[in-house]
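Reviewing the structure listed below.
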Amino acid sequence: MLEKLKAQLKRLYEHPFYRERFKSAGLKPEDVKSLEDFQKLPFTTRGDLPKLAELQDLSNVVRIHFSPSPYGLIPVYLTKNDVVAMDSANAKAFKLAGITSDDIALITFSYHVFIAGLNFHGGLEMLGAKVVPLGPGSTEKTLEIAEKVKPTVLVANPSFALKLAKEGLEGIRVFIGAGEPFSSIEGYKDKLRDAFGDNVTLIDYYGLAECVPIACECKHERGLHVVEDFCYVEVIDPESGEVVGEGEKGELVVTHLNKEAMPLLRFRTGDLARVEVVECECGKKLTLPKGVFGRTDEMYKVKGVKFYPSQLPLILKGLGLSGKFKVVIERTEKGTDYLKLVVEGKDVDVEAVKRAVKEHMLITPNEVEVVEKLEKDREVLDLRF
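Start counting the sequence shown at 796; every next residue gets the next number (my numbering).
Quick look at the structure:
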């Protein structure tokens, strides 16, 4: 991995954006002789993307997608080699997922403006599968097309896939879910397996418009394997920026290993994840056990623990609740933090909620209140200061 990073750093040094970054850090590519040295390099953030795109040489670019951001739509450039590398990485991942050239794959992601549909399409096509570029549409239209082509692979949002299965879609042996939380929600896979049948393989997939693929499950469903020949991942403490230990929760950071146009160096995704080394039957090891399960944009220190409210909807949905919540953080007269969690539902097992929050977030709410309806999907009130 280190040699691949060194080679990429030499290429990055020729990019005007990163050359300036190296200078500001007082480093040159040849100064990076270890992974510890690599960690001295500055991060790239979403706020850097407009400038990175602006300084990109377009002479070898063959495709332009866009990525939504607070700064408007940001172009994402790919050279011919970038497209081949992306398709090849996806093809290898999909092969490990159990997809073959005999499969017919129905893709329901958009092919317009954004990269999603074409990303899956290229990898499946390179693998030799028959691809139906359906794009987004109504349940009825999707089922109509499915009846004609008899797909064996479905690529869709998990929620849409569940709806299709309940409406009668049959014959799916591999489902690739992306675009929304999937394996990070306890029990979600069970619902899909009940709907599609016990023999279906359920694949969680993770990538960004700016870097795809990043991780994908194999047919053994033991977590999302990092696509290590395409990108290098780190998990950092969002506050300090220091790399955390194996299995610790933190912010996912990605670096392209061979991207030519708009390459990312230590890009802070803002996504919460854990990376573990798992001995999987497929031979892959570096794994995101539950994919991505929250955002780092909003973090509170409560009882000395980093508390990310964005994790709560996934935890609550795993308990069969709506996922709506209200958090109130107060300080008692003794100076200790008091965490109150309000959830929406009826006949809720309050102790089960406390246990689930403790298991996933390492903090136990002092109080859980149940109400029939919450007006807002999420609300956090920090009244300590």
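All C-beta atoms in this analysis are idealised placements derived from N, C-alpha and C, irrespective of residue type, glycine included.
Separation of residue j from residue i, as counted between CA atoms
i, j, result
"Thr1064", "Arg841", "8 angstroms"
"Lys1098", "Val1122", "14 angstroms"
"Val857", "Gly1045", "35 angstroms"
"Lys805", "Pro824", "6 angstroms"
"Phe861", "Tyr872", "8 angstroms"
"Gly966", "Thr1159", "43 angstroms"
"Gly930", "Thr947", "17 angstroms"
"Leu922", "Leu1114", "38 angstroms"
"Tyr808", "Asn855", "18 angstroms"
"His907", "Arg1061", "28 angstroms"
"Tyr1027", "Lys958", "35 angstroms"
"Pro845", "Asp1144", "47 angstroms"
"Leu913", "Thr1050", "22 angstroms"
"Pro928", "Gly917", "11 angstroms"
"Phe1025", "Gln1106", "28 angstroms"
"Lys1153", "Gly932", "39 angstroms"
"Asp1142", "Glu1162", "16 angstroms"
"Pro1104", "Met1094", "7 angstroms"
"Glu1005", "Leu1052", "13 angstroms"
"Glu815", "Gly821", "10 angstroms"
Contacting residues, own chain, Cβ-Cβ under 6 angstroms from residue i (five flanking each side not counted)
i, result
"Asp1066", "Leu1047, Val1087"
"Lys1119", "Glu1139, Leu1169, Asp1172"
"Phe915", "Ile902, Val950"
"Pro811", "Leu850"
"Val1100", "Leu1157, Ile1158"
"Ile980", "Leu1109, Lys1112, Gly1113"
"Ala886", "Gly918, Met921, Leu922"
"Arg1090", "Gly1065, Ser1105"
Buried or exposed (CB count within 10 angstroms, at least 16 for buried), residue i
i, result
"Ser829", "exposed"
"Tyr866", "exposed"
"Arg1150", "exposed"
"Arg1126", "exposed"
"Leu1178", "exposed"
"Val944", "exposed"
"Phe817", "buried"
"Met796", "exposed"
"Phe977", "buried"
"Ile1124", "buried"
"Leu836", "buried"
"Ala1147", "exposed"
"Phe1180", "exposed"
"Glu1055", "buried"
"Lys1096", "exposed"
Cβ neighbours of residue i in the same chain (closer than 7 angstroms, five flanking residues each side left out)
i, result
"Pro1084", "Gly1018, Arg1069, Glu1071"
"Gln834", "Val1038"
"Leu964", "Leu938, Ala941"
"Ile869", "Leu844, Pro845, Ala848, Phe861, Ser862"
"Lys961", "Ala990"
Please determine if the segment 885-892 and the segment 1007-1020 are in contact, where contact requires at least 3 C-beta pairs separated by less than 8 angstroms.
Flag = yes, the segment 885-892 and the segment 1007-1020 touch.
Measuring CB atoms only, is the segment 1130-1138 touching the segment 1001-1009, in the sense that at least three cross pairs come out at less than 8 angstroms?
no
Inspect the CB distances between the segment 942-955 and the segment 870-885 and report whether three or more fall short of 8 angstroms.
Segments in contact, no.
Whole beta strand (DSSP E) runs in the segment 1044-1077 with 3 or more residues, listed along the chain?
Counting only unbroken stretches of 3 or more residues, the beta strand (DSSP E) elements lying wholly within the segment 1044-1077 are 1045-1051, 1062-1068, in sequence order.
If we count Cβ pairs, one from each stretch, closer than 8 angstroms, do we get three or more for the segment 1135-1146 versus the segment 1165-1174?
Contact between the segment 1135-1146 and the segment 1165-1174 is present, because at least three Cβ pairs lie under 8 angstroms.
Complete alpha helix (DSSP H) runs within the segment 1104-1140 (minimum length 4 residues, chain order):
The segment 1104-1140 contains these whole alpha helix (DSSP H) runs: 1107-1113.
Are there three or more Cβ pairs, one per stretch, closer than 8 angstroms when the segment 924-942 is compared with the segment 895-908?
In short, these stretches touch, since the Cβ pair count reaches three.
Please go through the segment 969-1041 and give each complete alpha helix (DSSP H) segment of 4 or more residues, from N-terminal end onward.
Taken in chain order, the whole alpha helix (DSSP H) runs of length 4 or more contained in the segment 969-1041 are 983-991.
Residue ranges of each alpha helix (DSSP H) run of no fewer than 4 residues wholly in the segment 864-941, ordered along the chain?
875-891, 911-922
Counting beta carbon pairs with one atom in the segment 959-974 and one in the segment 902-921, are three or more of them shorter than 8 angstroms?
yes
Check whether the segment 987-995 and the segment 1025-1039 are in contact - that is, three or more C-beta pairs closer than 8 angstroms.
no
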